[in-house]
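Working notes, structure below.
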Amino acid sequence: MKNSITKTANNFITSKYVVSIHILKVDKKGNRKNENLEYIFDEGELLEKRKSAIEKAQEIMHSYDNDESFSSPSEAHAKSFKNFKSYSIDIYLVIEDEGEQYDYHIYGDEEILYEALEAEAKFFKKEFEITKLIKIDDYEDEEVEVIEESLGFFLTYSL
């Protein structure tokens, strides 16, 4: 679910945040097993949904990072990508507006991180007049405006 658009049936704006967890287990023979978990935050104000999604992602990261059964990328490489378990986390802002669904991949894909955070900020600014925005430079040293709150999470934990 990269930044994308799809058609839906309603004609009003709804929004939610989705935290998607991908777990990959590889046994000694190299057989792979994937597990996907999804947490949806669609209750309350949009900023509260955002905070809840970030808190859930941080909680999971903390838990998995302290679980010795999970391997870091370098540990998996050292094991020739066999007999390891790893995870990745993605966060999406999903907006449904006038029958169309927009998915903004705001965490988990470094290549579109700034683009998605900027789109998220524009949505907040337009729909909710949130004023806590900040201008930062993206990977190409171009200035983008993003939501200031929890910005450290997105920039510190980017993959």
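Sequential numbering from 84 applies to the sequence shown in the working numbering.
Note that CB positions come from ideal geometry on N, CA and C, so glycine has one too.
Quantities reported herein were computed from a predicted structural model and do not represent experimental measurements.
Measuring only the C-alpha atoms, how far is residue i from residue j?
{"i": "residue 272", "j": "residue 112", "result": "Because the chain in this structure spans residues 84 to 242, residue 272 falls outside the shown range and cannot be described."}
{"i": "residue 96", "j": "residue 178", "result": "7 Å"}
{"i": "residue 195", "j": "residue 187", "result": "9 Å"}
{"i": "residue 105", "j": "residue 176", "result": "17 Å"}
{"i": "residue 92", "j": "residue 185", "result": "With a pLDDT of 47 at residue 92, under the threshold of 50, the modelled position of this residue cannot be trusted, and the question is left open."}
{"i": "residue 116", "j": "residue 159", "result": "15 Å"}
{"i": "residue 219", "j": "residue 225", "result": "8 Å"}
Report yes if the CB atom of residue i is closer than 8 Å to the CB atom of residue j, and no otherwise.
{"i": "residue 103", "j": "residue 119", "result": "yes"}
{"i": "residue 140", "j": "residue 190", "result": "yes"}
{"i": "residue 131", "j": "residue 101", "result": "no"}
{"i": "residue 238", "j": "residue 217", "result": "no"}
{"i": "residue 137", "j": "residue 207", "result": "no"}
{"i": "residue 215", "j": "residue 193", "result": "no"}
Per DSSP, what kind of secondary structure is residue i in: helix, strand or coil?
{"i": "residue 99", "result": "strand"}
{"i": "residue 152", "result": "coil"}
{"i": "residue 171", "result": "strand"}
{"i": "residue 147", "result": "helix"}
{"i": "residue 197", "result": "helix"}
{"i": "residue 90", "result": "Because residue 90 carries a pLDDT of 43, less than 50, the predicted location of this residue cannot be relied on, and no value is offered for it."}
{"i": "residue 118", "result": "strand"}
Please classify residue i: is it buried, with 16 or more other beta-carbons within 10 angstroms of its beta-carbon, or exposed?
{"i": "residue 163", "result": "exposed"}
{"i": "residue 201", "result": "buried"}
{"i": "residue 161", "result": "exposed"}
{"i": "residue 88", "result": "Confidence in residue 88 is poor, its pLDDT being 43 and thus under 50, which makes the residue's placement unreliable; the coordinate value appears in the next sentence. Classification for residue 88: exposed."}
{"i": "residue 211", "result": "exposed"}
{"i": "residue 173", "result": "buried"}
{"i": "residue 98", "result": "buried"}
Legend entry - Touching by the beta-carbon criterion (3+ pairs, under 8 Å), the region 167-181 and the region 143-153: yes
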